[in-house]
Amino acid sequence: AASPLFADLAGDIGVSFEFFPPKTEKMEAQLWDTFRTLEPLGPSFVSVTYGAGGSTRERTHATVARIAAESRVPPAAHLTCVEASRAEIDEVARAYWEAGVRHIVALRGDVPGGEPYRAHPDGYANAIELVAGLKAIAPFDISVAAYPETHPDATCPQSDLDNLKRKLDAGATRAITQFFFSPDSFLRFRDAAAAAGIEAPIIPGILPVSNVSQTRRIADMCGTAIPAWMVSLFDGLDDHPAARQLVAATIAAEMCRRLYAGGVRDFHFYTLNRAELSYAICHLLGLRPVSTAKDQAA
Ligand code: FAD
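When the letters of the sequence shown are read in order and numbered with the UniProt record's numbering, they come out as residues 15 to 312.
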């Protein structure tokens with residue numbers, strides 16, 4: 015008999031997973047284990063972030079190129095405008111195209127150290143320009159960032175939405191959102207985007223949280239609110255890491271279920287290079303392993 019829990023899910027969701035490039039051999043082994051665990055869930059793509067100021071240029075490329083070479087899951091490479099000339103960024107993009115990478119997550123990025131953003135004198139000024147620059151190089155599939163709770167640099171939610179529309183009009187095909195913890199704020203944003211004439215898919219970025227104080231530091235920087243209910247759910251769990259994981263999966267799965275009820279079918283998971291939480295949440299959402307490895311499919 016169907017379980018009454020999560021029974022409203024019809025097995026029709028799509029997922030993608032985000033990783034960061036590993037710094038050490040040990041971290042690389044861990045990332046690869048994570049990738050191999052999540053890969054059978056059949057993600058529509060996996061993406062690899064780009065460190066502040068291009069600090070992970072080689073490592074992002076190596077990770078993305080390895081995924082392209084060893085898996086059927088399409089990789090997406092994040093790329094930012096920070097501290098690089100157009101020529102340097104264009105060279106990185108061309109190298110991706112040559113390595114068979116067709117999907118770029120195009121971002122402005124942030125200046126390291128938290129200072130106000132300033133463009134490189136010979137660089138792309140923002141993500142709109144970067145999208146247009148990438149399209150001039152090759153017919154990349156391009157994703158851009160969106161902010162359900164408004165980017166801190168935006169003068170108002172409407173100007174942020176206009177900015178998103180311009181990125182899509184410049185040639186991006188979808189937006190992936192910053193993480194958020196209020197399903198309603200995402201659904202309102204999606205509806206406002208539709209009202210503004212945005213037709214491209216807006217995929218919610220889901221960050222499974224098992225440590226509220228760590229998350230608060232990142233959330234403060236990117237303008238995401240941490241709701242009081244979430245803080246209280248982790249209250250008293252400082253010395254219970256396993257219980258925190260279970261609570262984290264429960265919260266994220268419930269959030270996804272509410273988004274699903276609001277019509278959302280695609281979810282992007284910020285995995286932090288760990289498989290178990292994302293795997294458990296996807297499982298609760300009805301996802302089951304499919305065969306995707308190159309050798310199995312051959
Ligand atoms: P843009 O869209 O160019 O602009 C940022 C905001 O500034 C806009 O929302 C807009 O409202 C406002 N703004 C700027 N100029 C104007 C103007 N003239 N008029 C009106 N409004 C203006 N960072 C990394 O370093 N590496 C990554 O790999 C990375 N991956 C990310 C993935 C996702 C899915 C998301 C959501 C973010 C990611 N980031 C990453 C963070 C991102 O670089 C920062 O949020 C950055 O501050 C903004 O980048 P953007 O591409 O949204 O910028």
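Cβ atoms here follow ideal geometry from the backbone N, Cα and C, with glycine treated the same way. A quick note: this is a predicted structure, and the numbers were derived from the prediction, not measured.
Would you check whether the ligand FAD has a heavy atom nearer than 8 Å to the C-beta of residue i?
{"i": "A289", "result": "no"}
{"i": "V29", "result": "no"}
{"i": "K181", "result": "yes"}
{"i": "L178", "result": "yes"}
{"i": "H282", "result": "yes"}
{"i": "A98", "result": "no"}
{"i": "residue 9", "result": "Past the edges of the chain, shown from 15 to 312, lies residue 9, and the structure says nothing about it."}
{"i": "L45", "result": "no"}
{"i": "L121", "result": "yes"}
{"i": "E32", "result": "yes"}
{"i": "Y131", "result": "yes"}
{"i": "S173", "result": "yes"}
{"i": "V278", "result": "no"}
{"i": "H165", "result": "yes"}
{"i": "T63", "result": "yes"}
{"i": "Y110", "result": "no"}
Report buried or exposed for residue i, applying the criterion of at least 16 other Cβ atoms within 10 angstroms of its Cβ.
{"i": "C296", "result": "buried"}
{"i": "V115", "result": "buried"}
{"i": "T187", "result": "exposed"}
{"i": "A15", "result": "Because A15 carries a pLDDT of 47, less than 50, the predicted location of this residue cannot be relied on, and the following value inherits that uncertainty. Result: exposed."}
{"i": "L301", "result": "buried"}
{"i": "E32", "result": "buried"}
{"i": "D22", "result": "exposed"}
{"i": "P36", "result": "buried"}
According to DSSP, simplified to helix, strand and coil, what is residue i?
{"i": "P36", "result": "coil"}
{"i": "H75", "result": "helix"}
{"i": "V304", "result": "coil"}
{"i": "A141", "result": "helix"}
{"i": "T70", "result": "coil"}
{"i": "S199", "result": "helix"}
{"i": "V96", "result": "coil"}
{"i": "D280", "result": "strand"}
{"i": "H165", "result": "coil"}
{"i": "S30", "result": "strand"}
{"i": "A207", "result": "helix"}
{"i": "R188", "result": "strand"}
{"i": "F193", "result": "strand"}
{"i": "H117", "result": "strand"}
{"i": "S157", "result": "strand"}
Measure the C-alpha to C-alpha separation of residue i and residue j and round it to an integer number of angstroms.
{"i": "C170", "j": "R202", "result": "15 Å"}
{"i": "A312", "j": "S246", "result": "With a pLDDT of only 47 at A312, under the threshold of 50, the placement of this residue in the model should not be trusted; the figure read from the coordinates follows. Roughly 50 Å between the two C-alpha positions."}
{"i": "V145", "j": "A184", "result": "6 Å"}
{"i": "residue 6", "j": "V96", "result": "This structure cannot settle anything about residue 6, because the visible part of the chain is limited to 15 through 312."}
{"i": "F193", "j": "L221", "result": "6 Å"}
{"i": "L298", "j": "F20", "result": "7 Å"}
{"i": "I118", "j": "I265", "result": "30 Å"}
{"i": "I81", "j": "P88", "result": "8 Å"}
{"i": "A152", "j": "N225", "result": "41 Å"}
{"i": "I103", "j": "E72", "result": "13 Å"}
{"i": "E42", "j": "Q259", "result": "23 Å"}
{"i": "L121", "j": "Y138", "result": "10 Å"}
{"i": "Y274", "j": "G56", "result": "19 Å"}
Q) Can at least three beta-carbon pairs, one atom from the stretch 278-287 and one from the stretch 22-29, be found at a separation below 8 Å? A) The count of Cβ pairs closer than 8 Å, one atom from the stretch 278-287 and one from the stretch 22-29, reaches three, so the stretches are in contact.
**Q.** Inter-stretch contact (C-beta, 8 Å, three-pair minimum) for the stretch 128-148 and the stretch 175-183
**A.** The answer is yes - the stretch 175-183 touches the stretch 128-148, with three or more Cβ pairs under 8 Å.
Q: Please determine if the stretch 285-292 and the stretch 204-218 are in contact, where contact requires at least 3 C-beta pairs separated by less than 8 Å.
A: Flag = no, the stretch 285-292 and the stretch 204-218 do not touch.
Q: Report yes or no: do the stretch 230-246 and the stretch 152-169 share at least 3 C-beta pairs separated by less than 8 Å?
A: Yes, since at least three Cβ pairs between the stretch 230-246 and the stretch 152-169 fall closer than 8 Å, the two stretches touch.
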